[in-house]
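**Q** Here's a structure for you.
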Amino acid sequence: MTLQDLLITPFADYGFMRRALVACLLLGVGSGPVGVLLMLRRMSLVGDAMSHAVLPGAAIGFLAAGGYSLLAMGLGGLVAGLMVSLLSGLVTRTTVLREDASFATFYLASLALGVLIVSLAGSNRDLLHVLFGSILAIDPPALLLIAAIASFSLVTLALIYRPLVAECFDPGFLRSVGGRGGLYHILFLLLIVVNLVAAFQALGTLMAVGMMMLPAAVAQLWTRTLPAMMTLSVLTAAASSVVGLLASYHLGFASGPTIVLVATLIYAASLIVGPSGALKRFVKRPHLAG
Amino acid sequence: MTGPTIHLKDLTVAYDGHPAVHHLTGSFEPGSLTAIAGANGAGKSTLVKAIVGDLKPAGGSILFEHLDRREIGYLPQAAEIERRFPISVLDTVLLGAWRRTGAFGCVSRALRRAGEEALSAVRLDGFAARPVGQLSSGQFQRVLFARLLLQDAAVILLDEPFTAVDARTTADLLALVGRWHGEGHTVIAVLHDHEQIRRHFPRTLLLARSCVSWGASVEALSPANLSAANALAERWHEDAPVCDLRAEDAA
Numbered sequence: 001m002t003l004q005d006l007l008i009t010p011f012a013d014y015g016f017m018r019r020a021l022v023a024c025l026l027l028g029v030g031s032g033p034v035g036v037l038l039m040l041r042r043m044s045l046v047g048d049a050m051s052h053a054v055l056p057g058a059a060i061g062f063l064a065a066g067g068y069s070l071l072a073m074g075l076g077g078l079v080a081g082l083m084v085s086l087l088s089g090l091v092t093r094t095t096v097l098r099e100d101a102s103f104a105t106f107y108l109a110s111l112a113l114g115v116l117i118v119s120l121a122g123s124n125r126d127l128l129h130v131l132f133g134s135i136l137a138i139d140p141p142a143l144l145l146i147a148a149i150a151s152f153s154l155v156t157l158a159l160i161y162r163p164l165v166a167e168c169f170d171p172g173f174l175r176s177v178g179g180r181g182g183l184y185h186i187l188f189l190l191l192i193v194v195n196l197v198a199a200f201q202a203l204g205t206l207m208a209v210g211m212m213m214l215p216a217a218v219a220q221l222w223t224r225t226l227p228a229m230m231t232l233s234v235l236t237a238a239a240s241s242v243v244g245l246l247a248s249y250h251l252g253f254a255s256g257p258t259i260v261l262v263a264t265l266i267y268a269a270s271l272i273v274g275p276s277g278a279l280k281r282f283v284k285r286p287h288l289a290g
Numbered sequence: 291m292t293g294p295t296i297h298l299k300d301l302t303v304a305y306d307g308h309p310a311v312h313h314l315t316g317s318f319e320p321g322s323l324t325a326i327a328g329a330n331g332a333g334k335s336t337l338v339k340a341i342v343g344d345l346k347p348a349g350g351s352i353l354f355e356h357l358d359r360r361e362i363g364y365l366p367q368a369a370e371i372e373r374r375f376p377i378s379v380l381d382t383v384l385l386g387a388w389r390r391t392g393a394f395g396c397v398s399r400a401l402r403r404a405g406e407e408a409l410s411a412v413r414l415d416g417f418a419a420r421p422v423g424q425l426s427s428g429q430f431q432r433v434l435f436a437r438l439l440l441q442d443a444a445v446i447l448l449d450e451p452f453t454a455v456d457a458r459t460t461a462d463l464l465a466l467v468g469r470w471h472g473e474g475h476t477v478i479a480v481l482h483d484h485e486q487i488r489r490h491f492p493r494t495l496l497l498a499r500s501c502v503s504w505g506a507s508v509e510a511l512s513p514a515n516l517s518a519a520n521a522l523a524e525r526w527h528e529d530a531p532v533c534d535l536r537a538e539d540a541a
């Protein structure tokens, strides 16, 4: 097998591979920076919970469209995700429960409801499709939707970057200058939901958060400034996508899980060899003079 | 005297019904330099949080005269700030220009220079690009003071500004507080060190949930007042009855 057969031919010969690749790259561009902020805000598990929360909406969209329709399911997922975010926010502000606890409750209820709806109306195959995605079945309209979401996400993030940073770093200060931290928090939750909606045809509701969290974790292990972290998370997502798609093509693996596993491998390698990784403990570096 | 003034009128701030600040009345006059003293749990930080709007009064009110609450320069306790966030020293200082830049405005070259000058004023030249996570507690506190310098607020509220800060840094930061006072800013600081208060803060509000004394520091921190404050601070009854104290009684 030549290098061309290994790296180029799968994408040159098959339209579905090209669409899958573009979709994954777009997901990385949209989700990577959001994931970095999510992690820095110590909301990693909230992202995971949210990815489950979109399920009942997606399931209702699935039923309403009479089959797999990214637009209908995306809209359903968006509404469900936003409802869960707002309800969790409401519970956090009006009771003693913290945000992670209320998210956990809502996401379990959502997951149960979603699986119930799909299993009542669809087949097991449909359920698998919704839970784990099918990136190779992405059609041009789905690709357009993902591109639109990635663009929306980047533009919104660029606009609310400063208040988000301030809210995460020093929320008390932002409140004191009348910075409306709550509004930006909700906008940020919206960004998480739309990115998860974009990711769930590719990776399914269960792994949609993979393109968000794993590249963000890798970026945090290698870099120290926020812009560098965001850039590296996008690059990690892109590398995982290319390698994951090629590996799944040549080895006959399911593509979504392979992409997530490649990202996991990069994460594991970073844990060991990254600047703040495990190997550093064993390498004695000369200290500096000042 | 006209100028930005904060009036507390029979103010009560409560957690779960229990007052942390109880029937407090008085004013922070324009240009005054006041320390808020009292034991742990006396309601000092609660009062500061109520003034900046983080906590809502359970009774009474806070009135701002010639002052918009958002124009108060606020230094929260260090524990409330996410020190591991990957933000540079200069970017942290530039947050002080929020009222000028807003959420979306750009940072001009002049503003950046002002940020660097503020860093010089707190003796942190050459630190602009450093991530805040690499700073010591004292250096980080200097950064927050530089942010206040850039903020240039008429009223400055400091919540335990010298906790975990060494003597030299404390002296430098106290000099800055003195400079603000000299320039006519109103400064209010939550502090624990009575000796430091007597030396540097002309006025003191001694709190034990309610006001024990509010006036010249030497008198406010008299042994009699301090022992009265200690006796009051610990009173907390799980099954306390509903408070029926009226404003005029409290005053």
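Each protein sequence line maps, in turn, to chains A and B. Each residue of the first sequence is one higher than the one before, counting from 1 in this note's numbering. Each residue of the second sequence is one higher than the one before, counting from 291 in this note's numbering. By construction, the Cβ of each residue, glycine as well, lies at the ideal position given by its N, Cα and C atoms. Computed from a predicted structure; not experimentally measured.
Give the range of the beta strand (DSSP E) segment to which A/K280 is assigned.
**A** Here residue 280 of chain A corresponds to residue number 280 of the first sequence, with the count starting at 1. Where A/K280 is concerned, there is no enclosing beta strand (DSSP E), given that its DSSP letter is neither H nor E.
**Q** Go through its chain and collect everything with a Cβ distance to A/L87's Cβ below 8 Å, but skip five positions before and after it.
**A** On the first sequence, residue 87 of chain A is found 87 positions in, with the first residue counted as 1. Counting only Cβ-Cβ distances below 8 Å, and skipping sequence neighbours, we find S102 and F106.
**Q** Tell me where the alpha helix (DSSP H) around B/E355 begins and ends.
**A** In the second sequence, residue 355 of chain B corresponds to position 65, counting from 1. Per DSSP, B/E355 belongs to no alpha helix (DSSP H); it is in the beta strand (DSSP E), G349 to E355.
**Q** Mind pulling the alpha helix (DSSP H) runs of 4 or more residues that sit fully within the stretch 8–55 of chain A?
**A** Entirely contained in the stretch 8–55 of chain A, the alpha helix (DSSP H) runs reaching 4 residues are, in chain order, 9–13, 15–40 and 44–53.
**Q** Out of A/L90, A/G81 and A/I138, which one is the CA nearest neighbour of A/S110?
**A** Counted from its first residue, the first sequence places residue 110 of chain A at position 110. It is A/G81.
**Q** With a threshold of 8 Å, are at least 3 pairs of Cβ atoms found where one atom belongs to the stretch 205–213 of chain A and the other to the stretch 42–62 of chain A?
**A** The stretch 205–213 of chain A vs the stretch 42–62 of chain A: in contact.
**Q** Find the residues of chain A that neighbour B/G343, judging by a C-beta separation of less than 8 Å, and give them in chain order.
**A** Position 53 of the second sequence, counted from the first residue, corresponds to residue 343 of chain B. Within chain A, the residues near B/G343 are R175 and S176.
**Q** Counting along the chain, where does the beta strand (DSSP E) carrying B/F318 start and finish?
**A** On the second sequence, position 28 is the one that residue 318 of chain B refers to. Its beta strand (DSSP E) spans residues H308 to F318.
**Q** Name the chain A residues that come within less than 7 Å of B/A399, Cβ to Cβ?
**A** Residue numbering aside, residue 399 of chain B sits at position 109 when the second sequence is read from its first letter. Checking the displayed sequence, the identity of residue 399 of chain B turns out to be Arg instead of Ala. Near B/R399 there are no residues of chain A at all, since even the closest Cβ is about 17 Å away, more than 7 Å.
**Q** Which residue comes first and which comes last in the alpha helix (DSSP H) that contains B/G363?
**A** On the second sequence, position 73 is the one that residue 363 of chain B refers to. Note, B/G363: premise wrong, no alpha helix (DSSP H); beta strand (DSSP E) at I362 to L365.
**Q** Could you check the C-alpha separation between A/L189 and A/T156 for me, to the nearest Å?
**A** By 1-based counting over the first sequence, the position of residue 189 of chain A is 189. By 1-based counting over the first sequence, the position of residue 156 of chain A is 156. Going by the C-alpha atoms only, they are around 12 Å apart.
**Q** Near A/E167, which residues of its chain fall below 8 Å by C-beta distance, leaving aside the five closest residues on each side in sequence?
**A** Counting from one through the first sequence, the residue named residue 167 of chain A turns up at place 167. Only L174, G179, G181, Y184 and H185 meet the Cβ criterion.
**Q** Are A/G114 and A/A58 closer than 8 Å when you measure CB to CB?
**A** Taking the first residue of the first sequence as 1, we reach residue 114 of chain A at position 114. Taking the first residue of the first sequence as 1, we reach residue 58 of chain A at position 58. Yes, the pair counts as a contact, with Cβ atoms nearer than the cut-off.
**Q** Determine whether the beta carbon atoms of B/L323 and B/P492 lie at a separation below 8 Å.
**A** Mapped onto the second sequence, residue 323 of chain B falls at position 33. Mapped onto the second sequence, residue 492 of chain B falls at position 202. Against a cut-off of 8 Å, the Cβ pair of B/P492 and B/L323 comes out as a contact.
**Q** Using the Cα positions of A/V36 and B/R420, report the straight-line distance between them to the nearest angstrom.
**A** As a first step, residue 36 of chain A must be located in the first sequence, where it is residue number 36. As a first step, residue 420 of chain B must be located in the second sequence, where it is residue number 130. Distance between the alpha carbons of A/V36 and B/R420 is about 20 Å.
**Q** My understanding is that B/F430 touches B/A369, with C-beta atoms under 8 Å, so please give their C-beta distance in whole angstroms.
**A** As a first step, residue 430 of chain B is located in the second sequence; it is residue number 140 there, counting from the start. As a first step, residue 369 of chain B is located in the second sequence; it is residue number 79 there, counting from the start. Contact flag wrong, Cβ pair sits at about 12 Å.
**Q** Does B/D462 come out as helix, strand or coil in the three-state DSSP assignment?
**A** As a first step, residue 462 of chain B must be located in the second sequence, where it is residue number 172. Three-state DSSP puts B/D462 in a helix.
**Q** Does DSSP classify A/C168 as helix, strand or coil?
**A** To locate residue 168 of chain A, count along the first sequence from 1; it is residue 168. Looking at A/C168 - three-state DSSP - the assignment turns out to be helix.
**Q** Taking A/S295 and A/G244 to be in contact with their CB atoms under 8 Å, please state how far apart those CB atoms are, rounded to whole angstroms.
**A** What is shown of chain A runs 1 to 290, which leaves residue 295 of chain A out entirely.
**Q** Check the Cβ-Cβ distances between A/T225 and every residue of chain B, and say whether any is below 8 Å.
**A** Stepping through the first sequence from its first residue, residue 225 of chain A is reached at position 225. Output row for A/T225: interface = yes.
**Q** Can you tell which of B/L466, B/S426, B/W504 and B/L314 has the C-alpha that lies nearest to the C-alpha of B/S410?
**A** Translated into the one-based positions of the second sequence, residue 410 of chain B becomes position 120. Ranking the options by Cα distance to B/S410, first place goes to B/L466.
**Q** Mind checking whether A/V273 and A/L265 have CB atoms under 8 Å apart?
**A** Along the first sequence, read from residue 1 onward, the residue named residue 273 of chain A stands at position 273. Along the first sequence, read from residue 1 onward, the residue named residue 265 of chain A stands at position 265. Contact flag unset, no.
**Q** Mapping DSSP to helix, strand and coil, what is B/H482?
**A** Residue mapping note: residue 482 of chain B aligns to position 192 of the second sequence, counting from 1. Coil at B/H482, not helix or strand.
**Q** Tell me whether the stretch 508–520 of chain B and the stretch 479–495 of chain B touch, counting them as touching only if at least three CB pairs, one residue from each stretch, are closer than 8 Å.
**A** Judged by Cβ distances under 8 Å, the stretch 508–520 of chain B makes contact with the stretch 479–495 of chain B, as three or more pairs qualify.
**Q** Taking only three categories from DSSP, how would you classify B/K299?
**A** For the purposes of this step, residue 299 of chain B is taken as the residue at position 9 of the second sequence. DSSP places B/K299 in strand when its eight states are reduced to three.
**Q** Which of helix, strand or coil does DSSP assign to B/V397?
**A** As a position in the second sequence, residue 397 of chain B is number 107, starting the count at 1. Looking at B/V397 - three-state DSSP - the assignment turns out to be coil, as it is neither helix nor strand.
**Q** By DSSP, does B/P376 sit in helix, in strand, or in coil?
**A** Here residue 376 of chain B refers to the residue found at position 86 of the second sequence. Residue state, collapsed to three classes: coil.
**Q** Roughly how many angstroms separate the alpha carbons of A/A150 and A/L226, rounded to a whole number?
**A** Within the first sequence, the letter at position 150 stands for residue 150 of chain A. Within the first sequence, the letter at position 226 stands for residue 226 of chain A. Approximately 19 Å, taken between the alpha carbons.
**Q** According to DSSP, simplified to helix, strand and coil, what is B/I326?
**A** Locating residue 326 of chain B in the second sequence gives position 36, counting from the first residue. Three-state result, B/I326: strand.
**Q** Give me the chain A residues within the contact set of B/R360, using Cβ-Cβ distance strictly less than 8 Å, ordered along the chain.
**A** Position 70 of the second sequence, counting from 1, holds the residue named residue 360 of chain B. Within chain A, the residues near B/R360 are S176, V177 and G178.
**Q** If you measure between the beta carbons of B/A521 and B/A329, is that distance less than 8 Å?
**A** Numbered from 1 along the second sequence, position 231 holds the residue referred to as residue 521 of chain B. Numbered from 1 along the second sequence, position 39 holds the residue referred to as residue 329 of chain B. Taking 8 Å as the Cβ cut-off, B/A521 and B/A329 do not qualify as a contacting pair.
**Q** Looking at C-alpha atoms only, which residue of A/K284, A/L40, A/V96 and A/A142 is the closest neighbour of A/L27?
**A** Indexing the first sequence from 1 puts residue 27 of chain A at position 27. With distances taken between Cα atoms, A/L27 lies closest to A/A142.
**Q** Only counting the same chain, and skipping five residues up and downstream in sequence, which positions put a Cβ closer than 8 Å to that of B/L544?
**A** This structure leaves residue 544 of chain B out entirely; chain B is present only between 291 and 541.
**Q** List the residues of chain B that A/A53 touches, going by C-beta distances under 8 Å, in chain order.
**A** Position 53 of the first sequence holds residue 53 of chain A. Per Cβ cutoff of 8 Å: no residues; A/A53 is ~25 Å from chain B at best.
**Q** Confirm, please, whether the CB-CB distance from B/I371 to B/I341 is below 8 Å.
**A** Along the second sequence, read from residue 1 onward, the residue named residue 341 of chain B stands at position 51. Along the second sequence, read from residue 1 onward, the residue named residue 371 of chain B stands at position 81. No, the Cβ-Cβ distance between B/I341 and B/I371 is not below 8 Å.
**Q** Using only CA atoms, which one of A/A12, A/L203 and A/S31 lies nearest to A/N195?
**A** In the first sequence, residue 195 of chain A corresponds to position 195, counting from 1. Answer by Cα proximity: A/S31.
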